[in-house]
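Residue numbers for the sequence shown follow my numbering, beginning at 804 and rising by one. Report on one structure; see the data block that follows.
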Amino acid sequence: MYSESGHRRCKLNNRFFSVTMEVEPKEQKTSRKKVAVLPWMRNPVDVSSFNKCPLTQLPFLHPRLEEALCNGGIESLFPVQVAVWQETMGPGSFERDICVNSPTGSGKTLAYALPIVQILSTRAVKCLRALVVLPTRDLALQVRDVFATIAPAVGLSVGLAVGQSSISDEISMLIERPKLEAGICYDPESRPIELQSAVDILVATPGRLMDHITNTKGFTLEHLRFLVVDETDRLLREAYQSWLPTVLQCTSSSVDGHFACDSNPLSFGFGSGSLKTTRRVGVERGFKNKPYPRLVKMVLSATLTQDPSKLAQLDLHHPLFLTTGKIRYQLPEHLESFKLVNSLV
Ligand SMILES: Nc1ncnc2c1ncn2[C@@H]1O[C@H](COP(=O)(O)OP(=O)(O)OP(=O)(O)O)[C@@H](O)[C@H]1O
């Protein structure tokens, strides 16, 4: 029997005990739509089962990254960072796409930035390998700062495309022109100028990203290895000029490595010259019809949607789901409050 507040008395083994139950208003009950949870979301990795880990005990961490983190005031990794590190740096690293649902303030940015920088630290040629997309300029600036703390330590450069500066200033920061020797006449028809990416990692908002994809000579996503969709829910809710299908199209290729889309339609004769990232289409189980080496996707949110139709847009490959459950905010361990007493004279 329920009381009005939803308090119920039950009898078990001849003893009474009480249970407090939330009674749902009738309209809410009927209006709530049942959405089937995707199979890969049913048995997630529980982030709360991980503990903080001092950098000195983190396996495989590049010594220069450890030093850069210490210089940035970070001595240990938060649980979500340890969980992602374990799932990406261990055996079978980055074979699956990663989906993280973890509260605001839990440290998701470093959770993806650190493994990406560590993997790219061995790259030989500079080209755009990692793209991080965020819905707002402020968030993008914060994320750029996190990458900027660690990436230079292993020789990687980070760029920003958010519309903070003029498009021409942004282009000159993102695209490198070869230095032409004085006194030598160059004929662009016989020998096209080779434009190259000036950055290994790009943090962008969808609008500016689309501008560069469509208009910037030498801007290409052909060599992209990592795509991070941060604040996924918001980015999926708002289409932002169909940036996601465009990016996915620009990074996909057919069997012979010919790209489905020259990411810049105006870039004939430009681009990365003889450098080619050839993605072949996998035929093995689990990789069927997927280009290989794959574009690895990492999607993150504090409230990750479970709606299959929304998640389908990301075209995830064998995703691994890491979650802390339904906690929305993470409070700092030591939260101090101060009272300011202002005496009126
Ligand atoms: N390992 C760490 N040690 C100390 N401070 C950290 C560590 N990782 C992150 N931080 C700090 O914790 C704060 C929250 O981190 P971050 O912004 O990455 O959280 P988040 O989960 O991405 O939040 P949001 O959902 O708002 O994006 C930042 O001020 C960051 O500098």
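Note that the Cβ used here is the ideal one computed from N, Cα and C, for glycine as well. These numbers come from a predicted model, not from an experiment.
- Contact between Arg947 and Val961 holds, since their C-beta atoms are separated by about 6 angstroms, short of 8 angstroms.
- For Phe1124, the enclosing beta strand (DSSP E) starts and ends at Leu1123 to Thr1126.
- For Val840, the number of other beta carbons within 10 angstroms of its own is below 16, and it is reported as exposed.
- Considering only Val903, Leu942 and Leu858, the residue with the shortest C-alpha distance to Pro847 is Val903.
- Counted as a single uninterrupted DSSP element, the stretch harbouring Val928 is not any beta strand (DSSP E), since DSSP gives it neither H nor E.
- Secondary structure of Leu944 (DSSP, three-state): helix.
- Distance between Phe1141 and Ala943, taken at the CA atoms: about 31 angstroms.
- Taking 7 angstroms as the cut-off, one finds at least one heavy atom of ligand 1 near enough to the beta carbon of Gly908.
- The beta carbon of Lys911 sits closer than 7 angstroms to at least one heavy atom of ligand 1.
- In this structure, Leu934 lies near Leu1005, with their beta-carbon atoms less than 8 angstroms apart.
- By the criterion of at least three beta-carbon pairs nearer than 8 angstroms, the region 1021 to 1030 is not in contact with the region 947 to 957.
- According to the DSSP assignment, Asn1018 belongs to the alpha helix (DSSP H) that extends over Pro1009 to Asn1018.
- Contact between Leu858 and Glu869 holds: their C-beta atoms lie close to 5 angstroms from each other, under 8 angstroms.
- In the DSSP assignment, Leu913 falls outside any beta strand (DSSP E) and lies within the alpha helix (DSSP H) extending over Lys911 to Leu923.
- In terms of side-chain proximity, the C-beta atom of Leu864 is found no nearer than 7 angstroms to any non-hydrogen atom of ligand 1.
- Shortest gap from the CB of Phe897 to any heavy atom of ligand 1: 7 angstroms or more.
- The nearest non-hydrogen atom of ligand 1 is less than 7 angstroms from the C-beta of Ala1105.
- Asn904: member of the beta strand (DSSP E) spanning Ile901 to Asn904, first to last residue.
- Across the structure, Ala914 and Ile970 are spaced so that their CA atoms are roughly 30 angstroms apart.
- The distance from the Cβ of Pro938 to that of Glu1034 is about 5 angstroms, consistent with a contact at the 8 angstroms cut-off.
- Taking a contact as a CB-CB distance under 8 angstroms, the pair Phe853 and Pro882 counts as one, their CB atoms being some 4 angstroms apart.
- Inclusion of Asp849 and Lys1100 in the CB contact set at 8 angstroms is not warranted, their separation being larger than that value.
- Secondary structure at Phe1029: strand, using DSSP grouped into helix, strand and coil.
- Boundaries of the beta strand (DSSP E) harbouring Leu963: Val961 to Ala964, taken from the DSSP string.
- In this structure, Ala1042 keeps its C-beta atom at 8 angstroms or more from the C-beta atom of Ala956.
- In the structure shown, the three-state DSSP call for Asp849 is strand.
- Residue pairing by DSSP places Met1101 opposite Ile901 and Val1031 in a beta bridge.
- In the same chain as Leu1098, and ignoring 5 residues on each side of it, the C-beta atoms closer than 7 angstroms to its own belong to Leu1027, Arg1028, Leu1030 and Thr1054, in chain order.
- With contacts defined as CB atoms closer than 8 angstroms, Asp1003 and Arg932 qualify as a contacting pair.
- At the C-beta level, Cys930 and Val885 stay beyond 8 angstroms of one another.
- Between Val965 and Arg1011 the beta-carbon gap is near 6 angstroms, inside 8 angstroms, which marks them as a contact.
- In this structure, DSSP gives Ile978 an extended state, which the three-state scheme calls strand.
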